[in-house]
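Trainee: Heads up: take any position in the sequence shown, counting from 1, add 1, and you land on my numbering. Beta carbons are placed, not taken as given, at the ideal position from N, Cα and C, and that holds for glycine. Mind looking over this structure? Questions follow.
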Amino acid sequence: MKKFYLLNYHLLFLVISIISWVYLLGIDYINPTNVSWLNSGDLSTYQLGWEYFRNDKWRFPIGLNPNYGIYSDSNIVYSDSIPIFAIFFKLFNFLLPEKFQYFSIWILLCIYLQILFSYKIVYLGTENRLFSLLGSLFFLTASIFIHRSGIHLSLLGQWLILCGIYIEISKNSKKDYLRLITLLVSLLVHFYFFLMLMILIFFQDFFKVLVLRKSFLEIFKKLILTIIVSIFLMYTIGYFSINLDDGLGWGYGYYNYNLNSFINPSGQNNIGSFSWSNFLTNQNYQNKEIEGFSYLGFTGIIFFIIFLFNIFKGKFNIFFQNLNWVMIILPFLMISISNNINFGDINIVSIDLNKFVYAFFSIFRASGRMIWPVYYIIFIIGIIFIFKKFKSKSILVLLILLTLQIVDIYSGIKNYKFGSQYTAFQEDKKNPFWIGLSKQFNEIRLIESKNQSSIFHHLSGYLIEENFKKTDLVNLARVNREKTTTAKYDLINDFQNKDLSVFNKKIFLTKK
């Protein structure tokens, strides 16, 4: 009977996932052979990274992708092409159609796992299936989850955060093994999830040693083993295809979390700016603090108040001691806020960092994202508090709160209806001159090689439609700076020396 109920709930999760999937993408875009919605900005970077990777031979490290970003030591990791999917589908490339994208499949999987792990967390604290199902809908409609569906598709894998939390709060005897597997999967999705899970694990173990007096040596050995295995996978995939200093990016303290972000419904996607709330008014950010966007919603704000009340008053121990939660949350909060502490337009304090300290924190370049685990913990504690407080009436109370939440944030959700966040990118037909050039030329190149060129944004859709074998017309956040610079000067020398072979089967572009 238990297995029957579980099967029914999984089928229900799948039905809800498919409905949500169609709502987010529309019927046309869920088709894996439709690449038209991935034709601009970061979206085209993901698709182009995959296309050049699939058409290249197998290399080692596995993720090397030198034809997309000549001289940049390009890798599917640095094009955010979701390495675990890119590698899997490349194995079956001989079966795939000429134009194929797996990102719509990835979105469906993320929706399903978002519901599954949030359900399992709530059920672990309540053992009530209906209540847990209602609770999971808060996570499905989380603003930080839907927000990423139109911009950074790999960052839709926020189920990894929920999975990590579930493993920590569970009593599973295989916890260490599950921790490691989740960490390794996160490295095959996006490095930010790996950072979040490592912080979660480290400070949970820190609490065990400091407060619970667990064996430091035993925990330290497990940590070292985890790091060694993770580094081995990173090497195998190609994280180290560029130098360490090339992997450090500017932006810490700029792409951070604003102290008003939990109550600020000011959102945006690829179409434009809008409000996520029918109740609250938009507030200002500074810099690029949209990276720290984390509007809780009307009910989420109630959960935040409950969260603070429970932390300070200690009414219920929800999975952990309250001190344990504090020790987990504080590092995320501090890193996400960064050295620039802002509330709206007001800069409260700006701390100058030593260059070596800044270099370390630059691995958290878009540090505003590090608020996501705190966001989800607020909802977890708030939802389970409702169950413990209201008991027999908890389902009714949660249903009312869910209704209030949806009424509030629908103002934001409607901006992601049926793939509308992608339709703005449908380009006009190109001048006939451009059509079919990849049948005559193998490479399309920049005269001045760059990892991020404005020309890319004009022609990214064109690159997807054509089939050039190589290009340095890319949009990559991390490249081998030295090789890219050297290549530029080598090309200048070739021009000056009138070496006509440089034009063999190659097109060179300049904005002017």
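Taking residue 69 and residue 472 to be in contact with their CB atoms under 8 Å, please state how far apart those CB atoms are, rounded to whole angstroms.
Mentor: Yes, they are in contact, since the Cβ atoms of residue 69 and residue 472 sit about 7 Å apart, within 8 Å.
Trainee: Looking at C-alpha atoms only, which residue of 152, 19, 173 and 235 is the closest neighbour of residue 186?
Mentor: It is 235.
Trainee: Once the 5 residues before and after residue 98 are set aside, which same chain residues still bring their CB inside 6 Å of it?
Mentor: Closer than 6 Å at the Cβ level, and outside the excluded window around residue 98, lie 34.
Trainee: Starting from residue 472, follow its DSSP beta bridges and name the residues at the other end.
Mentor: Residue 472 is bridged to 69 and 445.
Trainee: Of all the alpha helix (DSSP H) runs that stay within the bounds of the stretch 94-145, which reach a length of 4 or more residues?
Mentor: Counting only runs of 4 or more, we get 104-127 and 130-141.
Trainee: Starting from the C-beta of residue 461, find all residues in its chain whose C-beta is less than 6 Å away, skip the five residues before and the five after it, and write them out in chain order.
Mentor: Only 41 and 45 meet the Cβ criterion.
Trainee: Can you grab the Cα-Cα spacing for the pair residue 57 / residue 445, in whole Å?
Mentor: Spanning the two alpha carbons is a distance of roughly 16 Å.
Trainee: Among the candidates 498, 228 and 216, whose CA atom is the shortest distance from the CA of residue 182?
Mentor: Closest by alpha carbon: 228.
Trainee: Considering only C-alpha positions, which residue in the set 61, 409, 140 and 279 is nearest to residue 563?
Mentor: The structure shown does not extend to residue 563, since the chain is modelled only from 2 to 513, so the question has no answer here.
Trainee: DSSP three-state call for residue 494: helix, strand or coil?
Mentor: In this structure, residue 494 counts as helix in the three-state DSSP scheme.
Trainee: Quick one: give me the first and last residue of the alpha helix (DSSP H) that residue 325 is part of.
Mentor: Here the alpha helix (DSSP H) through residue 325 covers 323-338.
Trainee: Given a cut-off of 8 Å on the beta-carbon distance, is the pair residue 518 and residue 132 in contact?
Mentor: For the chain, the structure presents residues 2 to 513; residue 518 sits outside this window and is missing.
Trainee: So, helix, strand or coil for residue 21, using DSSP?
Mentor: If DSSP states are grouped into helix, strand and coil, residue 21 belongs with the helices.
Trainee: Just to check my reading of the structure: residue 238 and residue 188 have Cβ atoms closer than 8 Å, yes? What is that Cβ distance to the nearest angstrom?
Mentor: Contact flag correct, Cβ pair sits at about 7 Å.
Trainee: For the alpha helix (DSSP H) that contains residue 416, what are its first and last residues?
Mentor: Residue 416 -> no alpha helix (DSSP H), and no H or E assigned at all.
Trainee: Tell me the residue span of the beta strand (DSSP E) that contains residue 176.
Mentor: Here residue 176 belongs to no beta strand (DSSP E); instead the alpha helix (DSSP H) covers 176-188.
Trainee: In the structure shown, what three-state DSSP assignment does residue 350 receive?
Mentor: If DSSP states are grouped into helix, strand and coil, residue 350 belongs with the strands.
Trainee: What is the rounded straight-line gap between the Cα of residue 91 and the Cα of residue 102?
Mentor: Cα to Cα, residue 91 sits roughly 11 Å from residue 102.
Trainee: So, with DSSP's three-state summary, where would you put residue 429?
Mentor: With a pLDDT of 49 at residue 429, under the threshold of 50, the modelled position of that residue is not reliable, and no figure is offered here.
Trainee: Count the CB pairs spanning the stretch 106-116 and the stretch 11-19 that are closer than 8 Å, and state whether there are at least three.
Mentor: These segments touch.
Trainee: Give me, in chain order, the residues of the same chain whose beta-carbon lies closer than 6 Å to that of residue 288; leave out the 5 immediate sequence neighbours on both sides.
Mentor: Closer than 6 Å at the Cβ level, and outside the excluded window around residue 288, lie 255.
Trainee: Within the chosen definition, does the stretch 272-292 reach the stretch 315-329 through at least 3 CB pairs nearer than 8 Å?
Mentor: As far as the Cβ criterion goes, the stretch 272-292 does not touch the stretch 315-329, which means the pair count is below three.
Trainee: Starting from residue 343, follow the beta strand (DSSP E) in both directions and report where the run begins and ends.
Mentor: Counting along the chain, the beta strand (DSSP E) containing residue 343 begins and ends at 341-344.
Trainee: Whose C-alpha, out of 331, 299, 86 and 393, is nearest the C-alpha of residue 63?
Mentor: Of the candidates 331, 299, 86 and 393, the one whose C-alpha sits nearest the C-alpha of residue 63 is 86.
Trainee: Determine, using beta carbons only, whether residue 150 and residue 25 come nearer to each other than 8 Å.
Mentor: Going by C-beta atoms, residue 150 is nearer than 8 Å to residue 25.
Trainee: Thinking C-beta only, is residue 167 closer than 8 Å to residue 215?
Mentor: The answer is no: Cβ separation not under 8 Å.
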